[in-house]
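To convert, count from 1 in the sequence shown and add 63; that's the numbering used here.
The C-beta atom is built at its ideal place from N, Cα and C for all residues, glycine as well.
Since the model is a prediction, treat every value here as computed from it, not as a measurement.
One structure is given here, and the rest of the page talks about it.
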Amino acid sequence: MPLRVLTALDQAKTQWFHFKAIVIAGMGTFTDAYDLFCIMPVTKLIGRSYYKDNHGNIPPGVVSTIMVIALAGMVIGQLTFGALGDRIGRRRVYGFALVFMVLSSLQSGFSICKTRKCVITSLCFFRFLLGIGIGGDYPLSATIMSEFANKRTRGAFIAAVFSMQGLGILAGAGVTMAVTSAFDRATKDSDINSVDIAWRLILMMGALPASLTFYWRMTMPETARYTALIEQNVPKATDDVRELGDLDLPVIDENTALQDRKPMTLLPAQPPYGLFSNQFLHEHGRHLFACAAAWLIVDIPFYSSTLLQSRIYYKRVEKTNVNTFQETYNIAKFQAIVAVCSTIPGYWAAVYSIDRIGRRKLQMLGFFFMAVFLFALAGPYDKYWKDHTNGWFMVLYGLTFFFSNFGPNTTTFIIPAELFPARFRSTCHGISGAAGKVGAIIGTLGFLWASQDKNKDKGRHNGWKPGIGMTNSLVILGSICVLGLVLTYFLTPETKGKSLESNESEENQPSEIKTETDQNNEEIIELEICTPSPIPEDPLWWR
Numbered sequence: 064m065p066l067r068v069l070t071a072l073d074q075a076k077t078q079w080f081h082f083k084a085i086v087i088a089g090m091g092t093f094t095d096a097y098d099l100f101c102i103m104p105v106t107k108l109i110g111r112s113y114y115k116d117n118h119g120n121i122p123p124g125v126v127s128t129i130m131v132i133a134l135a136g137m138v139i140g141q142l143t144f145g146a147l148g149d150r151i152g153r154r155r156v157y158g159f160a161l162v163f164m165v166l167s168s169l170q171s172g173f174s175i176c177k178t179r180k181c182v183i184t185s186l187c188f189f190r191f192l193l194g195i196g197i198g199g200d201y202p203l204s205a206t207i208m209s210e211f212a213n214k215r216t217r218g219a220f221i222a223a224v225f226s227m228q229g230l231g232i233l234a235g236a237g238v239t240m241a242v243t244s245a246f247d248r249a250t251k252d253s254d255i256n257s258v259d260i261a262w263r264l265i266l267m268m269g270a271l272p273a274s275l276t277f278y279w280r281m282t283m284p285e286t287a288r289y290t291a292l293i294e295q296n297v298p299k300a301t302d303d304v305r306e307l308g309d310l311d312l313p314v315i316d317e318n319t320a321l322q323d324r325k326p327m328t329l330l331p332a333q334p335p336y337g338l339f340s341n342q343f344l345h346e347h348g349r350h351l352f353a354c355a356a357a358w359l360i361v362d363i364p365f366y367s368s369t370l371l372q373s374r375i376y377y378k379r380v381e382k383t384n385v386n387t388f389q390e391t392y393n394i395a396k397f398q399a400i401v402a403v404c405s406t407i408p409g410y411w412a413a414v415y416s417i418d419r420i421g422r423r424k425l426q427m428l429g430f431f432f433m434a435v436f437l438f439a440l441a442g443p444y445d446k447y448w449k450d451h452t453n454g455w456f457m458v459l460y461g462l463t464f465f466f467s468n469f470g471p472n473t474t475t476f477i478i479p480a481e482l483f484p485a486r487f488r489s490t491c492h493g494i495s496g497a498a499g500k501v502g503a504i505i506g507t508l509g510f511l512w513a514s515q516d517k518n519k520d521k522g523r524h525n526g527w528k529p530g531i532g533m534t535n536s537l538v539i540l541g542s543i544c545v546l547g548l549v550l551t552y553f554l555t556p557e558t559k560g561k562s563l564e565s566n567e568s569e570e571n572q573p574s575e576i577k578t579e580t581d582q583n584n585e586e587i588i589e590l591e592i593c594t595p596s597p598i599p600e601d602p603l604w605w606r
């Protein structure tokens with residue numbers, strides 16, 4: 064029987080604490096997007112500062128490293144912080160991940176030394192640490208929001224948290240435009256020191272939004288589902304939820320004749336099976352594979368086109384008569400236009416529709432239209448788009464972002480937070496997200512090198528080797544989206560409207576609070592203690 068405190072959360076009306084949780088969790092994804100996607104225009108400034116002898120062009124190997132080093136850190140962060148979130152609590156780890164992000168953002172801007180080798184090395188080191196913090200924020204934000212939400216609008220709440228990523232991309236572009244515009248007016252482009260200060264300032268500004276929510280993160284209560292189902296402390300979970308809002312909860316009156324009786328804590332029950340045990344693989348293995356595979360698949364085309372937009376719209380923004388600040392301003396301006404016209408609308412369309420359409424249908428819809436528009440870009444690219452990146456090209460390009468966010472880029476963040484038992488929820492979300500970032504690394508490196516022109520003479524002055532061309536690269540990305548559609552159809556279940564407790568094993572749920580009255584008609588609270596299940600042969604390492 065589900066606990067009344069968790070049933071109350073499932074049936075709760077939308078209240079202030081829901082919006083507060085969205086802001087607290089969403090500011091993490093806001094910071095994530097700012098830090099990840101501002102690096103593209105920043106590389107223009109770094110090239111001007113430290114590769115002037117190469118006409119401001121950063122060598123391909125260095126560009127690749129700068130682009131993917133944070134993604135590599137995210138893989139480690141999602142696996143580590145996801146597991147810790149199930150072991151020691153969501154709230155405790157949440158604050159640590161935030162501190163990690165803030166300090167790493169600041170250090171990325173400082174990037175000690177002034178020599179080229181030292182600056183690039185320190186920048187990559189601190190962006191790797193930043194990636195660990197960003198990766199840790201993903202499973203914790205999704206899990207916390209899912210466990211605070213009601214089942215009727217849970218999808219919209221988690222999607223709203225993730226939609227802050229679009230605002231983070233826009234903020235990164237806006238800050239870059241503001242900084243480069245100010246420096247362009249105040250200094251000359253030949254002033255290397257001003258260029259060096261500009262890119263450092265842009266990176267350091269990423270620490271500001273996350274630091275603003277530090278107090279809220281440290282004072283927010285642990286989720287009731289973690290407290291009740293993992294810590295087995297139902298009275299504490301009930302007290303925490305009662306402080307959140309007006310919910311229908313069982314009354315635990317401590318001002319009765321049993322005033323001296325301390326609040327009871329349920330004995331922790333051993334999980335009936337461990338992570339990656341035969342029973343786990345039987346009950347949840349297919350779901351974990353579906354979540355991880357879908358996230359890996361969508362991140363290949365998403366990061367290919369997002370992190371490397373400059374490769375796609377190179378001829379639209381780069382002009383020979385502009386200086387470094389103006390060129391960087393134009394790249395950031397294009398980022399902002401794409402964010403406003405396609406990325407952000409896609410996120411919020413998902414927020415509005417996900418609890419109406421459902422996760423599975425929305426994911427298939429997104430994969431389908433991503434494939435359609437990528438193929439539409441690929442078909443006439445060599446014969447027409449290559450030299451005419453006009454308005455129609457931009458519409459098709461923008462629609463790929465819209466349906467990525469109004470589809471699998473959002474749903475892959477939501478589904479792992481709804482599909483697993485509480486004791487595995489954060490860990491499985493971290494595993495799924497880590498697989499996604501492996502896909503992001505594949506997409507970033509693969510697209511960066513593969514999309515180079517097949518002509519050996521072109522790109523040679525920048526150090527690039529011949530690739531398979533833009534057309535073939537876009538065809539591959541579209542085919543990957545088709546694979547995601549097929550995988551979703553056969554493997555991904557629907558979680559719309561289902562209680563999170565439907566994932567729990569009956570033997571691991573604490574019993575309901577029972578009340579009796581004594582001879583003086585005073586209420587006595589009794590808690591049935593679950594008998595711990597036998598320890599399985601392959602227990603979790605954190606048990």
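{"Query": "Is the beta carbon of N391 sitting closer than 8 Å to the one on K115?", "Result": "Here residue 391 is Thr; the residue named in the question, Asn, does not match the sequence. No, the Cβ-Cβ distance between T391 and K115 is not below 8 Å."}
{"Query": "Under 6 Å Cβ to Cβ from F430, same chain only, skipping five residues before and after it: list those, please.", "Result": "P471, C544, G547 and L548"}
{"Query": "Using beta-carbon positions only, say whether G36 and V138 come within less than 8 Å of one another.", "Result": "Only positions 64 to 606 of the chain appear in the structure, and residue 36 is not among them; the question remains open."}
{"Query": "Can you name, in chain order, every residue of its own chain whose Cβ lies under 6 Å from the Cβ of F436, other than the five neighbours on each side?", "Result": "L459, L462 and T463"}
{"Query": "Look at the alpha carbon of L69 and the alpha carbon of I129, and state the distance between them as a whole number of angstroms.", "Result": "45 Å"}
{"Query": "Does DSSP classify D516 as helix, strand or coil?", "Result": "coil"}
{"Query": "Among T286, G337 and I121, which residue has its Cα nearest to the Cα of M103?", "Result": "I121"}
{"Query": "Counting only the same chain and skipping the five closest in sequence on each side, list residues whose C-beta sits under 7 Å from that of A13.", "Result": "Given a span of 64 to 606 for the chain in the structure shown, any question on residue 13 remains unanswerable."}
{"Query": "Jot down the residue ranges of each uninterrupted alpha helix (DSSP H) in the segment 125-186, minimum 4 residues, whole runs only, in chain order.", "Result": "153-173"}
{"Query": "Determine whether the beta carbon atoms of A291 and G91 lie at a separation below 8 Å.", "Result": "no"}
{"Query": "Please go through the same chain and pick out, in chain order, the residues whose beta-carbon is closer than 7 Å to the beta-carbon of F220, but skip the five residues on each side of it.", "Result": "H81, I85, M208 and A212"}
{"Query": "Let me make sure I understand the geometry here. Which of S565, F553, E567 and G506 has the alpha-carbon closest to that of I539?", "Result": "G506"}
{"Query": "Is I195 near G140, with beta carbons less than 8 Å apart?", "Result": "yes"}
{"Query": "So, are the CB atoms of L629 and C491 less than 8 Å apart?", "Result": "Past the edges of the chain, shown from 64 to 606, lies residue 629, and the structure says nothing about it."}
{"Query": "What's the call for I151, buried or exposed, on a 16-neighbour Cβ count within 10 Å?", "Result": "exposed"}
{"Query": "Give the DSSP-derived three-state secondary structure of D254 in the structure shown.", "Result": "coil"}
{"Query": "Could you spell out the range, first to last residue, of the alpha helix (DSSP H) harbouring P529?", "Result": "First-last for P529: undefined, no H or E at that position."}
{"Query": "Could you tell me how far apart the beta carbons of G172 and L264 are, in whole angstroms, since I believe they sit closer than 8 Å?", "Result": "7 Å"}
{"Query": "Taking only three categories from DSSP, how would you classify T119?", "Result": "The question names Thr, but residue 119 is Gly in the sequence shown. Correct three-state label for G119: coil."}
{"Query": "With 16 other CB atoms within 10 Å as the buried threshold, where does A480 fall?", "Result": "buried"}
{"Query": "Counting C-beta neighbours from all protein chains within 10 Å, is the total for A249 16 or more, i.e. buried, or is it exposed?", "Result": "exposed"}
{"Query": "Compare the C-alpha of F100 against each of I232, T286 and F483 and name the closest.", "Result": "I232"}
{"Query": "I'd like the ranges of any alpha helix (DSSP H) spanning at least 4 consecutive residues and lying wholly in the segment 338-407.", "Result": "349-369, 372-375, 377-380 and 387-401"}
{"Query": "For T77 and T216, which I take to be in contact (beta-carbon distance under 8 Å), what is that distance rounded to the nearest angstrom?", "Result": "6 Å"}
{"Query": "Rounded to a whole number of angstroms, what is the C-alpha to C-alpha distance between D73 and F476?", "Result": "20 Å"}
{"Query": "Determine the contact status of E557 and R422, defining contact as a CB-CB distance below 8 Å.", "Result": "yes"}
{"Query": "Alpha carbon to alpha carbon, how far is E564 from M267?", "Result": "41 Å"}
{"Query": "Ignore the nearest five residues each way along the sequence and tell me which others in F343's own chain have a CB closer than 7 Å to its CB.", "Result": "Y336 and G337"}
{"Query": "Between W358, Y415, A96 and T143, which lies nearest to A234 when the distance is taken from Cα to Cα?", "Result": "A96"}
{"Query": "Quick check on the burial criterion: 16 or more other C-beta atoms within 10 angstroms. Buried or exposed for R111?", "Result": "buried"}
{"Query": "Rounding to the nearest angstrom, what Cα-Cα distance links P313 and A75 in this structure?", "Result": "Note that P313 has pLDDT 49, beneath the 50 cutoff, so the model's placement of it is unreliable and no number is given."}
{"Query": "K446: buried (16+ other C-beta within 10 angstroms of its C-beta) or exposed?", "Result": "exposed"}
{"Query": "With burial defined as no fewer than 16 other Cβ atoms inside 10 Å of the residue's Cβ, what is the status of L193: buried or exposed?", "Result": "buried"}
{"Query": "Pick from L66, Q228 and V501: whose alpha carbon is nearest that of V297?", "Result": "L66"}
{"Query": "Does the Cβ of I255 have 16 or more other Cβ atoms within 10 Å, making it buried, or fewer, making it exposed?", "Result": "exposed"}
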